[in-house]
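Right, one structure below, let's go through it.
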Amino acid sequence: MIYGILLFCVPLVILEGFFAASEIALISANRRRLRQRAEEGYQGAKIALKLLSRPEYLVATTLLGAYMSAAANAILVTMFLLDQVGAGGEILAMIALPPVLVIFGEIIPKSIGRQQATALAEKLAPPLYVASWVIYPITLVFGGLSRLVLIAAGVKKTGELPFITREDLSLVVDKSGPEVDLERKERIFIHRILQFSLRTIKEVMVPLIRVNAIPDTLTVGQALEEFRTSRFSRLPVYHRRIDNLIGVLHDFDLLGEDGPDRPIRAFMRPVTYVPELKKIDRLLAEMQRQGNHLAVVVDEYGGAVGIVTIEDLLEEIVGEITDEFDQEVAPFKKLGEGHYLISARTEIKSLNETLHLELPAGDYETLAGFLISELGDLPRAGEHLQYRNLKFTVRQAEARAVKEVELFVDVAPE
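Now the structure itself:
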């Protein structure tokens, strides 16, 4: 009986694996290398590029091919087991077949296809091209049916569907080796772009505790003195309480003003208020459209919790940009091999990227937040935390905030 099952199952699993490996190999292939090989006359590279020129057709072919192979496998194996075992054969097929199809028909072929993308793309493209013509009538029928359903649902065609998803592209970028010719900085840059639309204002804003704001009761003369000492060109203005930001004052609006005793409210500009959970891609588009440089971030109760500038938003793509609301503090200083002095305000993701640490994500953004989360309280100067092969020591702290942390990295963790 076992030989009969193998006779049906193995060829169809191989066929399913062929479609799965072809899809991921073509998607992950180095296009520049394929074009170069095509120019050198390699037919496989030419066919691969031809398939890639119609991504929606390529995806439809590989999906249909894989699904048809799996369905045929399920039907034939079930029929065979019913004939050999009798009652209960279909249950045996339902238990035994899915793991085989998933592991050998999807996971392993896709892993191989991803690791050897460009080389396999050339080899698999010709048979996939032949298969695409064999199942073309079925692809055409399903494509027509899907368009009819979309029309009936009132969905208008907006052009080609995305070739790959955000997750697919992230997978390709993470690939190591010659198949994806990207430097580390380029990988980080692409990841930042992919994550940009997922992040909220709360994650990128300048917290209120770090905002240098002035009360609306100041006079022009007093405000000019604040500008001189702070060296900022813009200062948020609050009414009575620091969490009640009502406007922003620009230093050039006060230039040439002869009345130093005049109240600043006459020169104050209105500010835009934005919720802390708003997505930063939407905010960036709005700020660019409206010409705003700064917005006040408010919580669900309407109280100000921080400010956000265009520089803060752009930093999420291009990396650190120093603007006037950023105090110039070096994120970390190397004291020796595996020995660092770090600003507690340094973001966890930045530490992980720069020092190749593996600090976990959580309900915090900075090193200070990580220490508070692990210790369960506000750390004091001299307090220690051992996390895996990392030893943190608080070197400088105030009543309400951690300032500086010393880090020892054990190069030979247990």
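All residue numbers for the sequence shown refer to this note's numbering, where the first residue is 24 and numbers rise by one.
From the three backbone atoms N, C-alpha and C, an ideal C-beta is built for every residue, glycine too.
Proximity below 9 Å, CB of residue i to CB of residue j
i	j	result
T85	A43	yes
I47	P132	yes
I303	V229	no
P238	L317	no
G329	V234	yes
A384	I371	yes
F431	T416	yes
L99	L75	no
R292	L306	no
A93	L35	yes
A52	A175	no
P286	T240	yes
Q66	P149	yes
E280	A367	no
L464	V319	With the chain covering 24 to 437 only, the question about residue 464 has no answer from this structure.
L120	A97	yes
Alpha-carbon spacing of residue i relative to residue j, whole angstroms
i	j	result
S373	H407	22 Å
L277	L247	8 Å
Y261	A404	33 Å
G177	R170	11 Å
F355	G342	16 Å
D274	F290	10 Å
I37	F127	8 Å
I118	M91	20 Å
N315	V294	8 Å
D449	E299	Nothing about residue 449 can be read from this structure; the chain reaches only from 24 to 437.
V125	A116	14 Å
L168	R222	37 Å
L30	I50	32 Å
V425	A83	55 Å
R288	E338	32 Å
D322	C32	58 Å
G166	S45	20 Å
R257	R54	48 Å
F477	I130	Examination of residue 477 is not possible in this model, given that the chain is present from 24 through 437 alone.
S134	A308	38 Å
K208	K357	21 Å
I216	E113	48 Å
L184	M102	In this prediction, L184 scores a pLDDT of 46, lower than 50, which makes its location untrustworthy; no coordinate-derived value is stated.
V297	A327	10 Å
Q419	R264	28 Å
P122	L382	34 Å
E249	Y363	35 Å
Y324	L378	38 Å
E429	R77	54 Å
G359	K301	42 Å
L413	I213	29 Å
E421	Q409	21 Å
Same chain only: Cβ atoms within 6 Å of residue i, ignoring 5 sequence neighbours per side
i	result
A61	A68, K69 and L72
A89	E39, F42 and A43
L380	L374
Y387	F393 and S396
Q311	none
L151	S45
Counted within 10 angstroms of its Cβ, other Cβ atoms place residue i as buried (16 or more) or exposed
i	result
T389	buried
I224	buried
D433	exposed
T332	buried
G136	buried
L104	buried
T369	buried
D335	buried
L173	exposed
A391	buried
E79	exposed
A154	buried
A110	exposed
E16	Outside the shown range of the chain, which is 24 to 437, sits residue 16, and nothing can be said about it.
Own chain, CB closer than 8 Å to residue i, minus 5 neighbours either side, in chain order
i	result
W156	none
R423	I232 and L401
A236	L258, P259, V260, Y261, I265 and L268
Chain-order list of residues whose beta-carbon lies under 7 Å from that of residue i (same chain, five-residue window excluded)
i	result
P283	T242, V243 and G244
A95	L35
L87	I158, I161, T162 and F165
I340	R215, I216 and F219
I211	E376
heavy atom of the ligand FAD below 8 Å from residue i C-beta
i	result
V33	With respect to the ligand FAD, the structure shown offers nothing to examine, as it has no ligands at all.
ask   = If you scan the segment 284-315 from start to end, which runs of the beta strand (DSSP E) of 3 or more residues do you find wholly inside it?
value = 295-298
task = List in chain order: all unbroken beta strand (DSSP E) runs of 3+ residues lying wholly within the segment 113-167.
result = none
query = What alpha helix (DSSP H) runs, 4 residues minimum, are completely inside the segment 66-114?
reply = 66-75 and 78-108
query = Can you list, in chain order, the stretches of the alpha helix (DSSP H) that have 4 or more residues and sit fully within the segment 407-432?
reply = none
ask   = Which runs of the beta strand (DSSP E), 3 residues or longer, sit entirely within the segment 211-292?
value = 257-261 and 268-273
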